[in-house]
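Data first, discussion second: the structure below is written as structure tokens.
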Amino acid sequence: MKNVTGALGWIFATLFISDGAVAAPSNFEFQDNRIIIQVMINGQGPFHMMFDTGATNILSNELAKALRLRQYDRFSVSGGGENALSASYCDVQSLEITDHVLEGSRFICMDIADMQKAIGFPRLDGLIGYEVFSQFLTEINFDKMEITLRSFSARPQPVKGESVIALSFQGTMPVVEAVLDGVAGNFWLDTGDRASATLSLPFIQKNLLRQKYNPKLSMMTGYGLGGPMKTSMVFADELTLGDLDFSKILIRLPDMKSKGLNDPASAGTLGMGILRQFNLVFDYARKEMVLSRNSVFQQDRSFDRSGMWIVPAQGGFLVMDVLEQGPAWSAGIRTGDRILRVNGVEVSKINIFQLRVRLKDPEQRQVVFSIQQGGQTKRVTVYLRDLL
């Protein structure tokens with residue numbers, strides 16, 4: 002989720018479609034509950050971009066400099082973290098996504114290096130958002146791990162069992178009406194949110210949700226534009242979205258002051274923890290989202306069982322946050338430690354996203370970490386347990 006303060010990204014593009022009405026599908030990677038696609042910019046690349054309904058088009062400052070793009074009109078951007086970030090505009094001659102080419106696109110340029118490192122993306126050059134979703138009928142197929150962009154006139158015929166959800170818009174943000182444990186709200190649809198639902202501060206306060214859910218756990222659960230996401234975690238009983246009902250929804254209640262999560266018009270975001278269960282069609286022209294269940298993912302009800310947030314860093318995995326009295330804490334791990342090995346395997350050979358999945362797996366009972374703490378190296382055993 003990204004809010005732009007003082008200015009909104011927009012597009013002044015001429016559209017060219019290579020093969021008529023439909024582009025060939027393009028494969029994507031699914032990293033940390035987020036969609037990563039490859040694009041070409043000004044004939045160069047490929048560049049790795051998050052495909053994010055909660056964003057406008059964004060380029061990293063690093064890539065903008067590498068492409069020698071002029072940056073202009075400074076302003077501030079707020080997202081999930083507490084801090085506002087400095088940003089500017091830059092213009093690209095061409096953006097090639099799947100087999101479509103958009104000429105003359107404006108991007109927001111900003112520093113996203115901290116977010117990339119804290120989440121652990123091997124590479125993140127920017128985000129693709131509203132400017133593409135608003136020009137194409139966008140299909141996200143998790144069964145095939147493919148994205149297809151079509152003209153709005155080429156919407157596929159309905160299939161049995163699909164659900165059609167009405168959309169409205171708040172600026173560039175797609176909005177759906179949903180009911181969480183009997184409380185109705187307008188939620189932003191955010192494919193850039195790794196969680197199932199992240200509630201806004203005004204929605205929490207207005208409906209006394211901290212008193213209702215009485216959360217017991219608060220720790221770092223992600224990283225957004227502007228800094229770490231420290232949240233309380235609880236299970237809600239039920240969420241209703243159109244004709245769909247979801248049970249036991251893992252939700253985040255922010256514990257930090259975030260301008261991006263402080264909009265009184267928003268109940269919060271619905272993210273990939275819920276959306277990943279479906280093949281998705283975003284039809285901004287008709288103001289609809291179409292969902293049909295896929296065979297790949299279930300609803301994400303899992304949560305870390307180690308009580309720590311770790312990220313790739315030079316010389317090992319860096320421990321960014323540790324839950325006090327949690328399993329990692331009880332084993333002696335502290336914020337700032339570096340993990341050198343996991344069950345005897347050097348971290349250079351370990352995928353951080355796969356490790357996070359293992360640390361959520363109820364079949365995993367214990368993990369042996371070799372850590373560097375201060376000037377000492379030692380081995381500790383973390384006995385995993387359910388924290389919620």
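Residue numbers are given in my numbering: position 226 of the sequence shown equals residue 227, and the series is strictly consecutive. Every residue, glycine too, gets a C-beta built ideally from N, C-alpha and C. All values reported here derive from a predicted model rather than from experimental measurement.
Cβ atoms of Arg-339 and Gly-317 come within 8 Å of each other, at about 4 Å. In the DSSP assignment, Leu-324 falls outside any alpha helix (DSSP H), carrying neither H nor E. DSSP, read as helix, strand or coil, puts Lys-217 in coil.
Considered as a whole, the segment 351-383 harbours 353-359 as its complete alpha helix (DSSP H) runs of no fewer than 4 residues, in chain order.
In the three-state reduction of the DSSP assignment, Pro-203 falls in the helix class, which pools H, G and I. Linking Met-146 to Asn-208 through their CA atoms gives a straight-line distance of about 38 Å.
Straight across, the Cα-Cα distance linking Phe-188 with Thr-173 is about 13 Å. Per DSSP, reduced to three states, the secondary structure at Ala-185 is strand.
According to DSSP, Arg-211 shares a beta bridge with no other residue. Look at the segment 71-96 and you find these whole runs of beta strand (DSSP E), each 3 residues long or longer: 72-79. Cβ-Cβ separation between Thr-241 and Gly-130: approximately 27 Å, too far for a contact (criterion under 8 Å). Across the structure, Val-102 and Glu-30 are spaced so that their CA atoms are roughly 21 Å apart. Contact between the segment 276-291 and the segment 360-369 is not established, with fewer than three Cβ pairs separated by less than 8 Å. With 16 or more neighbouring CB atoms inside 10 Å of its own CB, Val-348 falls in the buried class. Just measuring C-alpha positions, the residue of Pro-175, Ser-259, Ser-61 and Leu-389 sitting nearest Ala-237 is Leu-389. With distances taken between CA atoms, Ala-185 lies nearest to Glu-239 out of Glu-239, Gly-223, Pro-255 and Gln-374.
By the Cβ test, the segment 62-75 is not in contact with the segment 214-222, since fewer than three Cβ pairs between them sit closer than 8 Å. Using a C-beta cut-off of 8 Å, the segment 272-282 makes contact with the segment 294-303, since at least three inter-stretch Cβ pairs fall below that distance. Per the DSSP secondary-structure output, Phe-108 pairs in a beta bridge with Cys-91. When C-beta atoms of the segment 226-235 are compared with those of the segment 165-172, fewer than three pairs fall below 8 Å, so the two segments do not count as touching.
When DSSP states are grouped into helix, strand and coil, Asp-115 belongs to the helix group. Per the coordinates, the alpha-carbon of Arg-75 lies some 11 Å from the alpha-carbon of Cys-91. Taking the Cα positions, Ile-334 is about 8 Å away from Val-323.
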